[in-house]
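Q:
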Amino acid sequence: MSAGRVLLIDDDKFVRDRLRSEFHSAGLDVHAFSFGEEGLDWITQNHCDVIVIDPTSPTSDGLVLVQQLVDSASHAEVIAILSPNHIEMLEGLLTLGVRSVLYKPLALANVAHAVSRALIYRSTLKGSSFERADAVIEVVRRIAFSAGELGFHQTTLGVLRNWSGAKAGLFWTRAGVGQRSFLASDFGLSERKKEKLSTRFEAWLEQGGRSPEPRVVIDRADRKEEGVKLPRGYTHGLFVPLRWTGGNEGTIWLLADQKVGWNIAWLHELHTVQVVVQSALERVGDQISQMESERWDELTRLYGVAGLRRALEDMLLRGDEIGPLAILAIDVDHFKRINDNYGHSVGGQCLVEVAHLLKGCIRAVDTVSRPRADEFLVLLPGVDGAVGEPIAERIRHEIEHHRFLAREGLHVQLTATVAVLDVPPTLARFSDFVRTTDQIVQIAKQSGRNRVVGAAETRELVARYGQDF
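If you use our numbering, the sequence shown corresponds to residues 1471 to 1939, in order.
In structure tokens:
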């Protein structure tokens, strides 16, 4: 990892100590704080290259804090750490210019890799000729990352900036489901000018101006690139396709005009921009690979089996710190009937709504997952079975009284059986743990559904049927 100075802000002492140790081992100068205000005070008087922050602390507004850090150290790269229960903060963080977003429970290698990439990016910028194009590049970086993470396709986003004495435009066409268009930054443009530019570039893209491969295009009197004709008035272009899902989902393109004639320096600057854009797209791939490796459930966006495993192992490792650990095993009653009567599409949407209800019933430190089709597991750190029973009852009540698919004009009624289990600190194999919780719930349902199976009852069932739990 490249040498550099890192500001670390995380109110979780265990995570903070692990990351501090990892960064020190990599030769980094680390300054760690529990609270954002402490880190903010430090950074106003000191230089740092990378900020690693968990913006979900209950003691401060995370997005406001990140904005203050960015304003105080605009030169620093920001890496955010989120729990799955705070995924709604993602768009706000990306808008503020956060480079990477990592998810708890953390794999140290992922954090180290993200910091390394941020340091490499900074070293790429130092002394490069496109310091004159800082605004354009900043927008390229933010858009490339946020588009891949949020699933936007062909978004219109534009910037006009004085770049080496000529005009440069970065545009992105048609966004998301809403088909909305907007400019990222005005830079003093009139509404008429913005509308004219947007219309011109959208029309050009409709005529087949998308490039299948990253390339630099020079269009001048003595040379015309075959296959790509630049819009009138533009003599140089950079085209970089977005391929984070394996197909061409759109194109980032940078166009410039040079009224005083062509200069070989343009070629160098365009290639420099291409390197940075490609780096941004690689980060998109890294982010998707990380989520795939954790195997999030694609339907509900909750943790799947692999994510649950990491969360549980992390909590067991921190046993002395977090205290007891309870788990809620939630099984939707007679779910097969929903699929049979309404179809799997309706059944899937019901599960999405169940996931939303669960997240509304738990704390930020809790972890909810969907390891099986109609089964959800919730980890409750610092909670024993007796304390977990009221939480289980609230979940059962919310599911029973929720009107599923009301927006679609349907009224699907669901109930659930919720079992409360104490997780022993000497837990054996993870696969046996998941299988045993499923067996306990199925056995308990024989005595009645739509109920909470208390910790005392599950302890008896585990003693009778559980082998490795």
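Virtual Cβ for every residue (Gly too), placed ideally from N, Cα, C.
Assign ALA1546 to one of three DSSP states: helix, strand, or coil.
A: Coil.
Q: Between the segment 1838-1847 and the segment 1784-1794, do three or more beta carbon pairs fall short of 8 Å?
A: Too few Cβ pairs lie closer than 8 Å, so no.
Q: Using a Cβ-Cβ cutoff of less than 7 Å, which residues in the same chain neighbour GLY1924 once the five nearest sequence positions on both sides are dropped?
A: Only GLU1859, VAL1890 meet the Cβ criterion.
Q: Going by DSSP in three states, GLU1845 sits in which element: helix, strand or coil?
A: Strand, per DSSP.
Q: Pull up the CB-CB distance for PHE1900 and LEU1772, whole angstroms please, since I reckon it's below 8 Å.
A: With a Cβ gap of about 17 Å, PHE1900 and LEU1772 do not count as contacting.
Q: With burial defined as no fewer than 16 other Cβ atoms inside 10 Å of the residue's Cβ, what is the status of LYS1806: buried or exposed?
A: Counting Cβ neighbours within 10 Å, LYS1806 comes out exposed, since fewer than 16 surround it.
Q: What does SER1530 pair with, by DSSP beta-bridge criteria?
A: Note: SER1530 sits in no beta bridge, so no partner.
Q: Beta strand (DSSP E) containing SER1570: first to last residue?
A: That run of the beta strand (DSSP E) goes 1570-1573.
Q: Quickly, what does DSSP pair PRO1851 with across the bridge? List them, please.
A: According to DSSP, PRO1851 bridges with LEU1795.
Q: Between the alpha carbons of PHE1622 and ASP1767, how many angstroms are there, rounded?
A: Confidence at PHE1622 is low in this model, with a pLDDT of 32, below 50, so the placement of that residue should be treated as unreliable; the coordinate-derived value is given next. Near 20 Å, if we compare the C-alpha coordinates of ASP1767 and PHE1622.
Q: Suppose the cutoff is 7 Å on Cβ atoms and the five residues either side in sequence are ignored; what does the same chain contact list for LEU1931 look like?
A: Same-chain partners within the cutoff: ILE1910, ILE1913, ALA1914.
Q: Apart from the five residues just before and just after SER1570, which ones in its own chain have a Cβ nearer than 6 Å to its Cβ?
A: So the list reads ILE1549, ALA1584, once near-sequence residues are dropped.
Q: Could you work out which residue in ALA1834, ALA1862, ALA1582, ASP1482 is closest to ALA1799 when comparing CA atoms only?
A: Nearest C-alpha to ALA1799: ALA1862.
Q: Taking DSSP as the reference, what is the three-state secondary structure of VAL1922?
A: Three-state DSSP puts VAL1922 in a strand.
Q: Using the Cα positions of LEU1552 and GLY1918, report the straight-line distance between them to the nearest angstrom.
A: Using only the alpha carbons, I get a separation of about 38 Å.
Q: Return yes when the Cβ of LEU1477 is within less than 9 Å of the Cβ of CYS1518, no when it is not.
A: Yes, they are a contact pair.
Q: Nearest CA to the CA of ALA1588: which residue from ARG1929, ILE1521, GLY1813?
A: Looking at the Cα atoms, ILE1521 is the closest of the given residues.
Q: Mapping DSSP to helix, strand and coil, what is LEU1787?
A: Three-state DSSP puts LEU1787 in a helix.
Q: Name the DSSP beta bridge partners of TRP1766, please?
A: According to DSSP, which records beta bridges pairwise, TRP1766 is partnered with TYR1773.
Q: If the criterion is Cβ atoms closer than 9 Å, does the pair ALA1886 and GLU1870 meet it?
A: Yes.
Q: Do three or more CB pairs link the segment 1477-1494 to the segment 1502-1516 at distances below 8 Å?
A: Yes, the segment 1477-1494 touches the segment 1502-1516.
Q: Our contact map puts ALA1796 next to VAL1838 with C-beta atoms below 8 Å; I'd like the distance itself, whole angstroms only.
A: Wrong, their Cβ atoms sit about 13 Å apart, outside the cutoff.
Q: Less than 8 Å between the CB atoms is what I'm expecting for THR1581 and GLU1492, so what's the real figure, rounded?
A: Looking at the sequence shown, residue 1581 is not Thr but Val. That pair is a contact at about 7 Å.
Q: Residues in the same chain with beta-carbon distance under 7 Å from PRO1895, minus the five sequence neighbours each way, listed in chain order, please.
A: Answer for PRO1895: LEU1786, GLY1789, listed in chain order.
Q: Roughly how far, in whole angstroms, is the beta-carbon of HIS1881 from the beta-carbon of ARG1873, given that I think they are within contact range, below 8 Å?
A: Yes, they are in contact, since the Cβ atoms of HIS1881 and ARG1873 sit about 6 Å apart, within 8 Å.
Q: What residue from LYS1574, SER1527, GLN1538 has the CA that sits closest to TRP1512's CA?
A: The option with the nearest alpha carbon to TRP1512 is GLN1538.
Q: With respect to the beta strand (DSSP E) encompassing HIS1501, which residues constitute its N-terminal and C-terminal limits?
A: Residues 1499-1503.
Q: When the Cα atoms are used, what is the spatial distance from LEU1566 to PRO1575?
A: When rounded, the distance between both Cα atoms is 24 Å.
Q: Cβ of LEU1510 within 8 Å of any heavy atom in the ligand MG?
A: In terms of ligand content, the structure shown is empty, and the ligand MG therefore cannot be addressed.
Q: In angstroms with no decimal places, state the Cα-to-Cα distance between ALA1546 and VAL1540.
A: Cα-Cα distance, rounded: 7 Å.
Q: Return the CA-CA distance between VAL1922 and CYS1831, expressed in angstroms with no decimal places.
A: If you take the alpha carbons of VAL1922 and CYS1831, they lie about 15 Å apart.
Q: Less than 9 Å separating the beta-carbons of PRO1794 and ASP1892?
A: It is a contact, given that the beta carbons lie within the stated cut-off.
Q: Determine the burial state of ALA1579: buried for a count of at least 16 other Cβ atoms within 10 Å of its Cβ, exposed for fewer.
A: Answer is exposed; the Cβ neighbour count stays below 16.
Q: Measure the C-alpha to C-alpha separation of GLY1474 and SER1527 and round it to an integer number of angstroms.
A: Between GLY1474 and SER1527, the C-alpha separation is close to 26 Å.
Q: How long is the line joining the alpha carbons of GLU1508 and LEU1850, rounded to whole angstroms?
A: Their Cα atoms are separated by approximately 29 Å.
Q: Exposed or buried, which one is ASP1836 when buried takes at least 16 other CB atoms within 10 Å?
A: Buried, by the Cβ-count rule.
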